[in-house]
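Only one structure is covered here, and it is reproduced in the block below.
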Amino acid sequence: MNEAIETIGRDLGRILKALAGLMFVSLLIPIVWAEYYAIPALIVSGLVPLAIGYFFTTKFQEATKPGKLHGMIIAAVGWFCVAIFGSLPFYFIAWTVEFSPTLLGTPSQTTTLAAFTDPLNALFESMSGFTGTGLTMTDNEEVLPRTLQWWRSFIEWVGGVGVIVLTTAILARPGSGSLTLYESEARSERIHPSIVSTVQTIWWIFILFTFVSILLLWTVGMPIWGAINHGMTGLATGGFSITDNSIATYDSAAIDFALLPVMLLGSIAFPIHYLILQGDLRNLYADLQTRWVFIYMSLGTLALTALVYVGDTYDSLFTAFRYGSFQFVSAATCAGFQTAVDSTNVALGRWPAQAQLTVTFGMIVGGAAGSTVGGIKLIRALTLLKGIGFRISDVFYPETAVRRLKINGRRLNEREMRQEFEEAAIIAFLWFVFLGIGTFVLLLLLPEGAYTLENVIFEVASAQGNVGLSAGITGPESLPTLGKIMFLFNMWIGRLEIIPVLVTIRAVFRRGGIYR
Amino acid sequence: MRANDLPIVGELLESGAEDRVFDSLLLVGPLLILFIALVGRSILTTGLALSYVVFFTAYVLYRGVRG
Chain A
-14 MNEAIETIGR DLGRILKALA GLMFVSLLIP IVWAEYYAIP ALIVSGLVPL
36 AIGYFFTTKF QEATKPGKLH GMIIAAVGWF CVAIFGSLPF YFIAWTVEFS
86 PTLLGTPSQT TTLAAFTDPL NALFESMSGF TGTGLTMTDN EEVLPRTLQW
136 WRSFIEWVGG VGVIVLTTAI LARPGSGSLT LYESEARSER IHPSIVSTVQ
186 TIWWIFILFT FVSILLLWTV GMPIWGAINH GMTGLATGGF SITDNSIATY
236 DSAAIDFALL PVMLLGSIAF PIHYLILQGD LRNLYADLQT RWVFIYMSLG
286 TLALTALVYV GDTYDSLFTA FRYGSFQFVS AATCAGFQTA VDSTNVALGR
336 WPAQAQLTVT FGMIVGGAAG STVGGIKLIR ALTLLKGIGF RISDVFYPET
386 AVRRLKINGR RLNEREMRQE FEEAAIIAFL WFVFLGIGTF VLLLLLPEGA
436 YTLENVIFEV ASAQGNVGLS AGITGPESLP TLGKIMFLFN MWIGRLEIIP
486 VLVTIRAVFR RGGIYR
Chain B
-4 MRANDLPIVG ELLESGAEDR VFDSLLLVGP LLILFIALVG RSILTTGLAL
46 SYVVFFTAYV LYRGVRG
């Protein structure tokens, strides 16, 4: 048996066992909310990954430790498997209600829940949750059983921690942004030297911030169940909601503004949070990414406010600022909460094209590497900008001149600079290639004239950036089957920053060659 | 028995910013949310929740200024 397959199989088994644990923990929800009919479905959903996980971990228990290459493949395959098995609660609960066995006392079926009897819709929801995207196959989240409302929030929350761990501990490599975070002159080491203690610390910070977020949202008027769910999905910048019109349902400026710091917390690198909690507030402005999170969010907010105000989308400056600030921060932090909907104001899909493209720009760039956000990430955008400036100014120096590029307090030599710049350029390039392919495919699939080009670019950028804002295209009926499959791929590559997925695909197609 | 000896809780407390105040906030948080879920919205629960958030923010700033 191939040694690499054993290692990957063993770790996938562990991941599946952990997933089963999440499902068993979630049994508390149907018990508390008296949704007893959901319990058998949840137990079966947990037993399936548990059995498979147990089989793999037992069979491959002697496997060697994973290397960097294994790490990439485990992350890519693991995320996909977790999405597949994580869809089981949606599928089984929907079918339980569909069959409606008298013994279980099921409620009547709704069109929202019935959508999950299609396994593709269930998988879409699960992938959207675990990747922290927030695009949904439901048309009214309010009528979902509390168990599924919780499961959607919970998988986004866990997925949020997963991506921080992935980028700060497992996939950190030259050019990934995470090394730039750690290796600056001011911070010579990681949060903690070992991956295990790093993961524990990330959990510590994440749980503490979750409690603060929940209590903040409840204080400003959100009901407690909404505060728990939105606190979790807001911090994880996932964006799933338990209400029909996302945050717009509350139609409260206080809730809108209270969610801004929650989403911003999720978009700042967690190693920086750790330093700030230790009393080093300088990082709020001294750290390149954190400084730019604030600059970029402020500039985006101003631009979007101006566009929707001048474009007469809103008639008062305060309203324009309220919706402009929320939608830009929601997009750039990749949370995907929506306050701009037709039932209370003007839907995003009907904003002026310039405003929609400004929101799209926010989704593409994203926030800081090492946080829960998607997109290209600020550090890569800044590396590209600085690298381009460096290359252009190079012409004005003699060939013998020794120059160094300074990024985030690090003075990079020629080799390091090339490595960082190359990785940033490759990921940005691939990001736009897949955005282009996605846009092209969606234009082919959607009925002609139903959506504008900016709607389509917006939706694909939202899926690939793991944002979740929608121009109205995503839905169980409105998005064709091929479109759903393509969005599954967009969400998957977006979460893993493309490279690990391409490495995995290469390994699958050239099995043997890569492990030789 | 100390909080650090408890399973899961003990491991969590050993991580983080190694600060007793933050650790306390971490332990009090779920209890407060549970209390709010049971009691509902009142002056007492609103005051407690607001105090939690304000105290957390003030303490982060205090540590920053002191450090």
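Chains as they are written, first to last, in this note's numbering: chain A, -14 to 501; chain B, -4 to 62. Glycine is no exception: its CB is placed at the ideal position from the N, C-alpha and C atoms.
Keeping to the same chain, check which residues put their C-beta closer than 8 Å to that of residue i; ignore five residues upstream and five downstream.
i: residue 211 of chain A; result: 202, 227, 228, 235
i: residue 413 of chain A; result: 361, 365, 366, 369
i: residue 240 of chain A; result: 202, 205, 206, 207, 232
i: residue 442 of chain A; result: 342, 345, 420, 424
i: residue 100 of chain A; result: 79, 106, 122, 123, 124, 461
i: residue 230 of chain A; result: 323, 326, 328, 329
i: residue 464 of chain A; result: 458, 472
i: residue 23 of chain B; result: 47
Rounded to whole angstroms, how far is the Cβ of residue i from the Cβ of residue j, which I believe are closer than 8 Å?
i: residue 570 of chain A; j: residue 477 of chain A; result: The shown model of chain A, from -14 to 501, leaves out residue 570 of chain A, and the question about it has no answer.
i: residue 54 of chain B; j: residue 200 of chain A; result: Residue 54 of chain B to residue 200 of chain A, Cβ: 14 Å. No contact.
i: residue 71 of chain A; j: residue 111 of chain A; result: 4 Å
i: residue 352 of chain A; j: residue 342 of chain A; result: Not confirmed; about 19 Å, so no contact.
i: residue 250 of chain A; j: residue 220 of chain A; result: 6 Å
i: residue 333 of chain A; j: residue 309 of chain A; result: No, residue 333 of chain A and residue 309 of chain A are not in contact; Cβ-Cβ is about 11 Å, not under 8 Å.
i: residue 33 of chain A; j: residue 73 of chain A; result: 6 Å
i: residue 448 of chain A; j: residue 118 of chain A; result: 6 Å
i: residue 18 of chain A; j: residue 131 of chain A; result: 4 Å
i: residue 504 of chain A; j: residue 180 of chain A; result: Since the first and last residues shown for chain A are -14 and 501, residue 504 of chain A lies out of range.
i: residue 77 of chain A; j: residue 36 of chain A; result: No, residue 77 of chain A and residue 36 of chain A are not in contact; Cβ-Cβ is about 15 Å, not under 8 Å.
i: residue 48 of chain A; j: residue -5 of chain A; result: 4 Å
i: residue 81 of chain A; j: residue 91 of chain A; result: 6 Å
i: residue 142 of chain A; j: residue 14 of chain A; result: The pair is not a contact, with the Cβ atoms about 13 Å apart (cut-off 8 Å).
i: residue 20 of chain B; j: residue 193 of chain A; result: 6 Å
Which residues of chain A have a Cβ atom closer than 7 Å to the Cβ of residue i, listed in chain order?
i: residue 58 of chain B; result: 264
Under 9 Å Cβ-Cβ, which residues of chain B neighbour residue i?
i: residue 197 of chain A; result: 20, 24, 47, 48, 51, 52
i: residue 209 of chain A; result: 28, 31, 32, 35, 36
i: residue 213 of chain A; result: 28, 32
i: residue 253 of chain A; result: Here the premise fails: no neighbours, minimum Cβ distance about 13 Å.
i: residue 59 of chain A; result: Those within 9 Å of residue 59 of chain A in chain B number zero; the least Cβ separation is about 23 Å.
Using a Cβ-Cβ cut-off of 6 Å (strictly less than) and excluding sequence neighbours within five positions of residue i, which residues of its own chain qualify?
i: residue 499 of chain A; result: Note that residue 499 of chain A scores 47 on pLDDT, short of 50, meaning its location in the model is unreliable and no value can be drawn from it.
i: residue 28 of chain A; result: none
i: residue 487 of chain A; result: none
i: residue 170 of chain A; result: No answer about residue 170 of chain A holds up, because its pLDDT of 37 lies below 50 and its placement is not dependable.
i: residue 359 of chain A; result: 319, 351, 450, 451, 479
i: residue 140 of chain A; result: 71, 114, 115
i: residue 313 of chain A; result: 285, 286, 289, 347
Return the chain-ordered list of same chain residues with a C-beta closer than 7 Å to the C-beta of residue i, the five sequence neighbours on each side being excluded.
i: residue 173 of chain A; result: Any reading at residue 173 of chain A needs caution, since the residue's pLDDT is 38, under 50, leaving its predicted position unreliable; the model's value is listed next. Answer for residue 173 of chain A: no residue qualifies.
i: residue 316 of chain A; result: 344, 347, 348, 452, 454
i: residue 209 of chain A; result: 203
i: residue 389 of chain A; result: 396, 397, 398
i: residue 9 of chain A; result: 31
i: residue 75 of chain A; result: 101, 107, 110, 111, 133
i: residue 445 of chain A; result: 420, 423, 424, 427, 475
Applying a beta-carbon distance threshold of less than 9 Å, which residues of chain A neighbour residue i?
i: residue 55 of chain B; result: 261, 262, 264, 266
Run down chain A in chain order and give the residues with a C-beta less than 8 Å from the C-beta of residue i.
i: residue 61 of chain B; result: 264
Output, in chain order, the set of chain B residues within a Cβ distance shorter than 8 Å of residue i.
i: residue 204 of chain A; result: 41, 44, 45, 48
i: residue 336 of chain A; result: Within 8 Å Cβ-Cβ: nothing; residue 336 of chain A doesn't reach chain B, min ~32 Å.
i: residue 429 of chain A; result: Per Cβ cutoff of 8 Å: no residues; residue 429 of chain A is ~48 Å from chain B at best.
i: residue 470 of chain A; result: Per Cβ cutoff of 8 Å: no residues; residue 470 of chain A is ~39 Å from chain B at best.
Along chain B, in chain order, which residues have C-beta atoms closer than 7 Å to that of residue i?
i: residue 182 of chain A; result: 10
i: residue -7 of chain A; result: Correct list: empty, because the minimum Cβ distance to chain B is about 27 Å.
i: residue 478 of chain A; result: None at all; the shortest Cβ gap to chain B is about 31 Å.
Within the present structure, is the beta-carbon of residue i separated from the nearest heavy atom of the ligand FMN by less than 7 Å?
i: residue 103 of chain A; result: What this structure holds is no ligand at all, so the ligand FMN is not there to describe.
Original post:
Relative to chain A, which residues along the region 19 to 47 of chain B have a C-beta separation below 9 Å, given in chain order?
Top reply: 20, 21, 23, 24, 25, 27, 28, 31, 32, 35, 36, 40, 41, 43, 44, 45, 47
Subject >> Residue ranges of each alpha helix (DSSP H) within the region 106 to 156 of chain A, 4 or longer >> reply: 131 to 150
Original post:
Between the region 225 to 245 of chain A and chain B, which residues of the former have a C-beta closer than 9 Å to a C-beta of the latter?
Top reply: none
**OP:** Scan the region 328 to 382 of chain A and note each continuous beta strand (DSSP E) run of 3 residues or more that stays entirely inside, going in chain order.
**Re:** none
Subject >> Residues from the region 8 to 23 of chain A in contact with chain B, defined by Cβ distance under 8 Å >> reply: none
Original post:
Can you list, in chain order, the stretches of the alpha helix (DSSP H) that have 4 or more residues and sit fully within the region 167 to 255 of chain A?
Top reply: 180 to 204, 209 to 220, 238 to 252
Original post:
Residue ranges of each beta strand (DSSP E) run of no fewer than 3 residues wholly in the region 395 to 483 of chain A, ordered along the chain?
Top reply: 395 to 397
Original post:
In the region -8 to 69 of chain A, which residue ranges form an unbroken alpha helix (DSSP H) of at least 4 residues, counting only runs that do not cross its ends?
Top reply: You should have 13 to 17, 23 to 44.
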